[in-house]
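Enquirer:
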Amino acid sequence: MKKYNVFGIGNALVDLEFDVDETFLLNNEVQKGVMTLVDGERQQNLINSMVQELSKKQSGGSAANSMMAITQLGGKTFYSCKVANDEYGDSFLLDFKNAGIDTNLDAIVREEGRTGTCLVMITSDADRTMNTFLGITEILSTKEVSEGAIKDSEYIYMEGYPVTSETGFEALKLSKKIAEENGVKTSMTLSDPTIVKFFKPRFQELIGASVDLLFCNEEEAMEFTGKSNLEEAREALKKEARRFAITLGRNGAMIYDGDTFIDIEPYEVMALNTNGAGDMFAGAFLYGITNGMTYAGAGKLASLASSRICAQYGPRLEWHEVQELKNRLS
Numbered sequence: 000m001k002k003y004n005v006f007g008i009g010n011a012l013v014d015l016e017f018d019v020d021e022t023f024l025l026n027n028e029v030q031k032g033v034m035t036l037v038d039g040e041r042q043q044n045l046i047n048s049m050v051q052e053l054s055k056k057q058s059g060g061s062a063a064n065s066m067m068a069i070t071q072l073g074g075k076t077f078y079s080c081k082v083a084n085d086e087y088g089d090s091f092l093l094d095f096k097n098a099g100i101d102t103n104l105d106a107i108v109r110e111e112g113r114t115g116t117c118l119v120m121i122t123s124d125a126d127r128t129m130n131t132f133l134g135i136t137e138i139l140s141t142k143e144v145s146e147g148a149i150k151d152s153e154y155i156y157m158e159g160y161p162v163t164s165e166t167g168f169e170a171l172k173l174s175k176k177i178a179e180e181n182g183v184k185t186s187m188t189l190s191d192p193t194i195v196k197f198f199k200p201r202f203q204e205l206i207g208a209s210v211d212l213l214f215c216n217e218e219e220a221m222e223f224t225g226k227s228n229l230e231e232a233r234e235a236l237k238k239e240a241r242r243f244a245i246t247l248g249r250n251g252a253m254i255y256d257g258d259t260f261i262d263i264e265p266y267e268v269m270a271l272n273t274n275g276a277g278d279m280f281a282g283a284f285l286y287g288i289t290n291g292m293t294y295a296g297a298g299k300l301a302s303l304a305s306s307r308i309c310a311q312y313g314p315r316l317e318w319h320e321v322q323e324l325k326n327r328l329s
């Protein structure tokens, strides 16, 4: 039996949440309700301008959130990432240690620099505005790839965001190569339709002949395949992935198990926020299929878990909420 259900690789960020008013956003020329990449100086100037105290700090990043979801559900994960030898890097590592997630960070001397941070500004209407500084995670490289952990995993899970950097792209390619050479199944998320649009050749090279499991939403599926509708896109995806899951927002999800398509019904919620729902879906689905569930059962779990994320603010459930979710399905 393998030690880990899933080996993940991707960005490592620390989320910093502040409650702000509309005037703050206006005075500082911050575009409300979207995620904007900024440099470190810009982000620090915004933080220095805050009148309010920091309301919440926790580890983040797309694949990081998925590994946390798997672990909360009862799985075992390993995460390869890059944080600096600074306060935020310490915070990220402590958060993962407390959750029981193994990382490459224990076996290395962390470099000097600044850990990536996501400044989350929450207004009274509960809208979330994010300004992200990638920091040292932007130079994730093959040095962060843990070959032993990959070999000892059932699946690897690759976040799509690192394809935007040369070193990150090489890290993903090496991870997939090691997995394929050692009989470890491969999975990946396309992450973002804009990134798929501008870095499609890299995704095509990385996916190559195929991956065992691909995650994407409807827009990403059409962008990657070059098709104008979901029906054509899902047929085209059969040539790229042995199996795949396409999330459809309020319409649930569509899963291809290698033979047939499975429609996953949505769970009705009052949607407040979709940030992190895709990360939760992927994490819960991977937990399911590595713990004896059918693809339909794993899809049901993933749909329920991601609906809970949509009904709250923040990309992660509390531990008691995860237990309630598992009890409901059992």
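Heads up: the sequence shown runs through residues 0 to 329, numbered per numbering that gives the first Met the number 0.
Backbone N, C-alpha and C fix where the C-beta goes; we use that ideal spot for every residue, glycine too.
Starting from the C-beta of asparagine 4, find all residues in its chain whose C-beta is less than 8 Å away, skip the five residues before and the five after it, and write them out in chain order.
Expert: Ile69, Gly74, Lys75, Thr76, Ser152, Glu153, Tyr154, Leu285, Tyr286, Thr289, Asn290, listed in sequence order.
Enquirer: Suppose the cutoff is 6 Å on Cβ atoms and the five residues either side in sequence are ignored; what does the same chain contact list for lysine 56 look like?
Expert: The answer, listed in chain order, is Leu15.
Enquirer: Going by the beta-carbon positions, is the gap between isoleucine 206 and isoleucine 177 smaller than 9 Å?
Expert: In this structure, isoleucine 177 does not lie closer than 9 Å to isoleucine 206 by Cβ.
Enquirer: With a threshold of 8 Å, are at least 3 pairs of Cβ atoms found where one atom belongs to the segment 93 to 110 and the other to the segment 172 to 187?
Expert: Touching, no.
Enquirer: Please report how far the alpha carbon of alanine 304 lies from the alpha carbon of glycine 9, in whole angstroms.
Expert: Cα to Cα, the separation comes out at about 21 Å.
Enquirer: On the DSSP letters alone, give me the boundaries of the alpha helix (DSSP H) that glutamine 42 sits inside.
Expert: Glutamine 42 -> alpha helix (DSSP H) spans 39 to 47.
Enquirer: Beta carbon of serine 65, beta carbon of tyrosine 156: below 9 Å?
Expert: Yes, the pair counts as a contact, with Cβ atoms nearer than the cut-off.
Enquirer: Nearest-angstrom Cα distance between serine 123 and glutamine 43?
Expert: The alpha-carbon atoms of serine 123 and glutamine 43 are separated by roughly 23 Å.
Enquirer: In angstroms, rounded to a whole number, what distance separates the CA positions of glycine 99 and serine 227?
Expert: Distance between the alpha carbons of glycine 99 and serine 227: 43 Å.
Enquirer: Would the beta-carbon of lysine 175 be found less than 8 Å away from any heavy atom of the ligand FMN?
Expert: No copy of the ligand FMN appears in this structure; indeed no ligand is present at all.
Enquirer: Does the pairing of the segment 243 to 255 with the segment 35 to 42 give three or more beta-carbon distances under 8 Å?
Expert: Flag = no, the segment 243 to 255 and the segment 35 to 42 do not touch.
Enquirer: Is the beta carbon of threonine 116 closer than 9 Å to that of cysteine 80?
Expert: It is not a contact, given that the beta carbons lie outside the stated cut-off.
Enquirer: Between the alpha carbons of leucine 24 and phenylalanine 132, how many angstroms are there, rounded?
Expert: Each residue's alpha carbon lies about 17 Å from the other.
Enquirer: Sorted by chain position, which residues of the same chain lie with C-beta nearer than 7 Å to arginine 201's C-beta, five sequence neighbours on each side aside?
Expert: Correct list, in chain order: Val162, Phe168.
Enquirer: Pop quiz: serine 48 and asparagine 27 are said to be a contact at Cβ under 8 Å. What is the actual Cβ separation, rounded to whole angstroms?
Expert: About 6 Å separates the two Cβ atoms, so the contact holds.
Enquirer: Whose C-beta lies closer than 8 Å to the C-beta of lysine 172 among residues of the same chain, with five residues either side of it excluded?
Expert: If we look at lysine 172 and ignore the five residues flanking it on each side, its Cβ neighbours are Glu204, Leu205.
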